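Chemist:
Protein chains: 2
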Amino acid sequence: MSDAVNSSQPSAKTPVTARDVARNAGVSQSTVSRAFANSQLVSRETRDRIFLVAEQLGYQVNIMARGLSTQKSGLIAVVTGSTRNPFYWDVLRLVDERLQAKGMHVMLMTVKESESTDSAVRKVHQYRVDGLLVLSAELSSKAIDECREFGLPVVLFNRYVETGKVSAVACDNIVAGKDIAQFLYNTNHKRFAFISGLEDSSTNKDRFQGYRDQLAKLGCPPPLVEGGDFTYENGRQAVKRLMLRSERPDAIFCANDITAIGALDGIRVDLGMRVPEDVSIIGFDDIAMSSWSGIELTTMRQQTTRMVDSALEILLRRIDAPELKPEFRLEPGKLMIRRTVRLDRQP
Amino acid sequence: MSDAVNSSQPSAKTPVTARDVARNAGVSQSTVSRAFANSQLVSRETRDRIFLVAEQLGYQVNIMARGLSTQKSGLIAVVTGSTRNPFYWDVLRLVDERLQAKGMHVMLMTVKESESTDSAVRKVHQYRVDGLLVLSAELSSKAIDECREFGLPVVLFNRYVETGKVSAVACDNIVAGKDIAQFLYNTNHKRFAFISGLEDSSTNKDRFQGYRDQLAKLGCPPPLVEGGDFTYENGRQAVKRLMLRSERPDAIFCANDITAIGALDGIRVDLGMRVPEDVSIIGFDDIAMSSWSGIELTTMRQQTTRMVDSALEILLRRIDAPELKPEFRLEPGKLMIRRTVRLDRQP
DNA sequence: TTGAAAGCGCTAACAC
DNA sequence: GTGTTAGCGCTTTCAA
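For the protein sequence lines, the chains are A and B, in the order given. Mind the numbering: the first sequence is residues 1 to 347 in full-length UniProt numbering, read in order. Mind the numbering: the second sequence is residues 1 to 347 in full-length UniProt numbering, read in order.
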C-alpha cells in the first residue's frame, strides 16, 4: 500500500511486519520469524541480512501476535493492595528487574481494599498473563479457584492462606517474632508490648504469635497489645496508650517499620520521653528510612532479594509445569541492630 | 477434543474461546464478539443468552487476539527510573487507578540509570502499548524519535526536554521556586541556601532558577548551593557543609522532601542545632512522611492528582489523534506550611 | 439482527 | 536451511 518501508529516513506510523522484512531481505516470512526466535535453523548470513533489514525498517516483533500463537504473553501480573509501605515499592522494582532480565514484563494491578481481588483476576486473565504475583493483598478463595480454572499460576508474597491451595513466599515471620522476643529478653527487658498491624493479615498474626510464644517460653508475662493497622498514625497513637498503662512496657515490638517510626515519634514528640532510655522500640521490614540518622531503627530486615527470587522461581517453574503442587517457602529475617533498643543492663 | 466445557464444575486448563461460547449459545462466533464489544447490533435476548453461557464457561475475552485485530493493546507503558522517592510510588498507583477505570492497564518498565531508555522504548513497543508515560527518567532524543517512528504517543511526567518535541506535564517548578523565595523573604529570612538535587534534571534546574531569580529580584544575595542528587544522604551531608560556612544561611530550600529530611537530620542529629530556631528548612513534593509529627516539614506540594489527570488526558487524546502537536502543561504547586520554617520575626 | 469469511502478525509443523 | 501452510482468537466488512 505504502512504500514508506523503502524510504531511508523513518517516516511516521508505518506498522512494519515480519512480512515486510522478509520481502526486503528476499526470504520467506517464516525465516524472519525463526531468526527473531533465535532458532538454529537459520544460516548465519541469512540471519545477518534479516537483522540488518529489520534494523533499517525499525521492525520489532509483535508480542501480541506471537502470544496468540504460543499462548504465552510474557506478562506477569503483579496485584497489590493500596499500601503506602515503601517496602512493596522496593519489591515491585526488584520483581520488574528480574523479570526484564528474563525478557518478561510486569503488568501492574493495584486493587483498592474495598473491592475484591476477584475482578482483578478476571482482568489480568484477559491479557493471558503467564502468572500472578500477589503483593500485600488478599486473594479470596473464589479468586484462587478461578485462577486454577484459568490455569493461571499464582504466588502469594508475604500473605498466605491456610488451605495450602496456593503457592506462597514469605518472611519467616514466626521465627522472626521469636528472635525478636529472645533478643529483647537477652538485652534484659522485662515488660513487653506489641503494636499490631492489620489484625487478620497472616504477617501480623505470625509475627505476634512467634513473639508471644517465645515470651511465654521464657517465662515472661504476655505482651500488652495495642493498634490495628500498619500505618504511622497507628504506631503513634498506640504507643501513647501503651505508655499510659500502669504496667508500662520497656520494650515494644511494632508490626512494621512505618508503625515503629510512628511509635518513635509518639514517644519522643508527643510524650517527651526518650528511646531507648525509657523504652526500646523494634520494627519489621528495614525500609530505607529506618537506617536514616534521625531514626536509626532497630528492626528485622526482610530479605527482599531472596524473597523475590524465591517467588519468581516458584512462579516461573509453575508456568512451565502447571501441574506442580503448591509450594510454600519461608525466608529468614535478619536482625538489624541500630539505636532504638537499649543494649546495656537495666539501670 | 475435550468436552470439559460442558462439565458443571470448572475443571483446569480449558482455554475457552468465543467459539465455544458461540456453540453453546447457538449463535455464530461473530455474534459473541459483538456482544462482548457492547455492539448495538445484538438483540437483548441473544446478548443475555451469550453472557449466561459465557459466565458458565468462564469465558474471558482474549485481549491479545482482540489487539491483533484492533491494533490496540489497552496497555500504557510507564517507564520509571530507579528512584526511591515515594512520590513516584504515589503517582504510579494513581496512574494505574485512573487507567483501570478506563479499562486500560499499566505495563511497568523500570530502567536503571546506567542503561539508556532507548532499549526500553523498543521493549514496550513489542507489546504495541498504546502510549508511554515517562516518570522520573530521561528519554534520549533518539528514543523520542523512535517513538514518533513507531507512532507511539509519549508524555513526560516532571521531566521535559527543551526541544518541545514531546508532550510533558510538570509541576510549575519555576513559579514554585519563586513562591518559596518570596515566602522565605516574607518571613524575614536573610541568608539563603539551596540544596540541589540531580544537577541536570529539569525539575532541579527550574526549582533553583525560580528561587534564585526571585531572590535577586528582591535584592537578596544569591543563595549558597550545595548537593547534587535527590537522596537523603545528600541533604544530610550538604547541610553540614552549608552550616559550617562563614555566611551561615538562615533558610535552606531543598530540592525535594527526602533531601530536606536528610538536611533536618543533619542539623539536628549531626550538628545538634535546632529547626526552625537556628535555620529554616523547606522541601518539595509533600510526600506522606513530611506530615508525620516527628518531621512536620514545610514544603511545596506537587498536586499529584491534577498532574496525573493532565498527563493521562494528554496521552489518551493523543492515542486517538496521533497527529496532535506536543502539549506542555504546568500545574501549580501548593505551599504546605508546617513547622520547619520560622514564621515569627527575627530574634 | 445475524452469519460467513477475510484478515491481524506471528509460530510451528511439514515438506523439500 | 528454507518455504508453504494452517492455525492462534479475535474484529470487521459484506451479505443476507
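Every residue, glycine too, gets a C-beta built ideally from N, C-alpha and C. Computed from a prediction, not measured in an experiment: that's the story for all the values here.
Could you give the first and the last residue of the continuous alpha helix (DSSP H) run that contains MET243(B)?
Modeler: Sequence index remark: in the second sequence, residue 243(B) carries index 243 (1-based). Segment 232-244, the alpha helix (DSSP H) holding MET243(B).
Chemist: Quick one: what does DSSP say ALA18(A) is sitting in, helix, strand or coil?
Modeler: By 1-based counting over the first sequence, the position of residue 18(A) is 18. In the structure shown, ALA18(A) sits in a helix (DSSP, three-state: H, G or I).
Chemist: Classify ARG19(B) as buried or exposed, calling it buried when 16 or more other Cβ atoms lie within 10 Å of its own Cβ.
Modeler: As a position in the second sequence, residue 19(B) is number 19, starting the count at 1. Looking at its Cβ environment, which holds fewer than 16 other Cβ atoms inside 10 Å, ARG19(B) is exposed.
Chemist: Out of curiosity, what's the CA-to-CA distance linking residue 420(A) and GLY210(A)?
Modeler: Residue 420(A) lies beyond the stretch modelled for chain A, which goes from 1 to 347, so this question has no answer here.
Chemist: Which residue from TYR88(A), GLY74(A) and TRP89(A) puts its Cα closest to that of ALA101(A)?
Modeler: Along the first sequence, one-based indexing puts residue 101(A) at 101. With distances taken between Cα atoms, ALA101(A) lies closest to GLY74(A).
Chemist: Residues of chain A with CB under 7 Å from TYR232(B), in chain order?
Modeler: Taking the second sequence and counting its residues from 1, one reaches residue 232(B) at position 232. Near TYR232(B) (Cβ distances below 7 Å), the residues of chain A are TRP292.
Chemist: Ends of the alpha helix (DSSP H) at THR203(A)?
Modeler: Walking along the first sequence from the start, residue 203(A) turns up at place 203. Residues 202-217.
Chemist: Would you say VAL134(B) and VAL79(B) are within 7 Å of each other, going by their C-beta atoms?
Modeler: The count along the second sequence starts at 1 and reaches residue 134(B) at position 134. The count along the second sequence starts at 1 and reaches residue 79(B) at position 79. Cβ atoms of VAL134(B) and VAL79(B): closer than 7 Å.
Chemist: Quick one: which residues of the segment 247-277 of chain A get their C-beta closer than 8 Å to a C-beta of chain B? List them in chain order.
Modeler: The residues in question are ILE261, GLY262, LEU264, ASP265, GLY266, ARG268, VAL269 and ASP270.
Chemist: Determine the closest residue to LEU152(A) out of SER202(A), MET289(A) and ALA120(A), with distance taken between C-alpha atoms.
Modeler: The sequence position of residue 152(A) within the first sequence is 152, counting from 1. If we check each option's Cα against that of LEU152(A), ALA120(A) comes out closest.
Chemist: Identify the contact partners of SER82(B) in chain A, using a Cβ-Cβ distance below 8 Å as the criterion.
Modeler: Your numbering for residue 82(B) matches position 82 in the second sequence. Under the 8 Å cutoff, chain A gives ARG93.
Chemist: Considering only their Cβ atoms, is the gap separating ASN158(A) from ALA143(A) smaller than 7 Å?
Modeler: Numbered from 1 along the first sequence, position 143 holds the residue referred to as residue 143(A). Numbered from 1 along the first sequence, position 158 holds the residue referred to as residue 158(A). No, Cβ-Cβ distance for ALA143(A) and ASN158(A) is not below 7 Å.
Chemist: Less than 7 Å between CB atoms is the rule here; does ILE63(B) satisfy it with respect to chain A?
Modeler: Mapped onto the second sequence, residue 63(B) falls at position 63. Closer than 7 Å to some Cβ of chain A, the Cβ of ILE63(B) qualifies, so yes.
Chemist: Round the Cβ separation of ILE258(B) and VAL239(B) to the nearest angstrom and send it over; I've been treating them as touching at under 8 Å.
Modeler: Looking up residue 258(B) in the second sequence gives position 258. Looking up residue 239(B) in the second sequence gives position 239. Not confirmed; about 13 Å, so no contact.
Chemist: Rounded to the nearest angstrom, what separates TRP89(B) and VAL53(B) at their Cα positions?
Modeler: Taking the first residue of the second sequence as position 1, residue 89(B) is located at position 89. Taking the first residue of the second sequence as position 1, residue 53(B) is located at position 53. Approximately 40 Å, taken between the alpha carbons.
Chemist: Between LEU68(A) and chain B, is any beta-carbon pair separated by less than 7 Å?
Modeler: Numbered from 1 along the first sequence, position 68 holds the residue referred to as residue 68(A). For LEU68(A), the answer is yes, since a Cβ of chain B falls inside 7 Å of its Cβ.
Chemist: Which two residues bound the contiguous beta strand (DSSP E) that contains LEU135(A)?
Modeler: Along the first sequence, read from residue 1 onward, the residue named residue 135(A) stands at position 135. Element bounds for LEU135(A): 131-135.
Chemist: List the residues of chain B that PRO153(A) touches, going by C-beta distances under 8 Å, in chain order.
Modeler: The residue you call residue 153(A) lines up with position 153 of the first sequence. Chain B residues near PRO153(A): none, gap ~11 Å exceeds 8 Å.
Chemist: Determine the chain A residues that contact GLY58(B) at a beta-carbon separation under 8 Å, and present them in chain order.
Modeler: Counting from 1 along the second sequence, the entry for residue 58(B) is found at position 58. Result: GLU146, GLU149 and PHE150.
Chemist: Decide yes or no for the touch test of the segment 276-285 of chain A against the segment 305-324 of chain A: beta carbon pairs closer than 8 Å, at least 3 of them.
Modeler: The segment 276-285 of chain A is not in contact with the segment 305-324 of chain A.
Chemist: Write down every uninterrupted run of the beta strand (DSSP E) in the segment 134-181 of chain B whose length is 3 residues or greater and which is fully enclosed by it, in chain order.
Modeler: Qualifying beta strand (DSSP E) stretches, in chain order: 154-157 and 167-171.
Chemist: Considering only the beta carbon of each residue, do VAL129(B) and MET107(B) sit closer than 7 Å?
Modeler: The count along the second sequence starts at 1 and reaches residue 129(B) at position 129. The count along the second sequence starts at 1 and reaches residue 107(B) at position 107. Contact flag set, yes.
Chemist: With a threshold of 16 other CB atoms inside 10 Å of the CB of GLN237(B), please say whether the residue is buried or exposed.
Modeler: By one-based count along the second sequence, residue 237(B) stands at place 237. It is buried - the Cβ of GLN237(B) has at least 16 other Cβ atoms within 10 Å.
Chemist: What number of angstroms, rounded off, separates the C-alpha of ASN38(A) from the C-alpha of LEU68(B)?
Modeler: The residue you call residue 38(A) lines up with position 38 of the first sequence. The residue you call residue 68(B) lines up with position 68 of the second sequence. Between ASN38(A) and LEU68(B), the C-alpha separation is close to 23 Å.
Chemist: Measure the alpha-carbon distance for residue 358(A) versus TYR232(A) and round it to whole angstroms.
Modeler: Nothing about residue 358(A) can be reported from this structure: the residues present for chain A run from 1 to 347 only.
Chemist: Looking at SER196(B) and GLY228(B), is the spacing between their C-beta atoms short of 7 Å?
Modeler: Translated into positions along the second sequence, residue 228(B) becomes position 228. Translated into positions along the second sequence, residue 196(B) becomes position 196. Contact: yes.
Chemist: At a CB distance below 7 Å, what residues from the segment 116-143 of chain B approach chain A? Give them in sequence order.
Modeler: Result list: ARG122, HIS125, GLN126, TYR127 and ARG128.
Chemist: Nearest CA to the CA of ARG212(A): which residue from THR110(A), THR203(A), ILE174(A) and GLU247(A)?
Modeler: Taking the first residue of the first sequence as position 1, residue 212(A) is located at position 212. If we check each option's Cα against that of ARG212(A), ILE174(A) comes out closest.
Chemist: Note the first and the last residue of the continuous alpha helix (DSSP H) segment covering HIS125(A).
Modeler: By 1-based counting over the first sequence, the position of residue 125(A) is 125. Taken as a continuous stretch (DSSP letters only), the alpha helix (DSSP H) holding HIS125(A) covers 118-126.
Chemist: Using a Cβ-Cβ cut-off of 8 Å (strictly less than) and excluding sequence neighbours within five positions of PRO15(B), which residues of its own chain qualify?
Modeler: Counting from one through the second sequence, the residue named residue 15(B) turns up at place 15. Cβ neighbours of PRO15(B) beyond the five flanking positions: none.
Chemist: Taking Cβ to Cβ, would you say MET104(B) is nearer than 7 Å to MET64(A)?
Modeler: Stepping through the second sequence from its first residue, residue 104(B) is reached at position 104. Stepping through the first sequence from its first residue, residue 64(A) is reached at position 64. Their beta carbons are not under 7 Å apart, which means MET104(B) does not touch MET64(A) by this criterion.
Chemist: In terms of DSSP beta bridges, what is GLU45(B) paired with?
Modeler: For the purposes of this step, residue 45(B) is identified with residue 45 of the second sequence, where counting begins at 1. Answer by DSSP bridge pairing: none, since GLU45(B) is not bridged.
Chemist: Any Cβ of chain B within less than 7 Å of the Cβ of LEU218(A)?
Modeler: The sequence position of residue 218(A) within the first sequence is 218, counting from 1. Closer than 7 Å: no.
Chemist: Taking the runs of the beta strand (DSSP E) that are 3 residues or longer, which of them lie wholly in the segment 283-340 of chain A?
Modeler: Counting whole runs of 3 or more residues, the segment 283-340 of chain A contains the beta strand (DSSP E) stretches 299-301, 328-331 and 334-336.
Chemist: Which value, in whole angstroms, describes the spacing of the CA atoms of ARG301(A) and SER290(A)?
Modeler: Position 301 of the first sequence, counted from the first residue, corresponds to residue 301(A). Position 290 of the first sequence, counted from the first residue, corresponds to residue 290(A). Cα to Cα, the separation comes out at about 10 Å.
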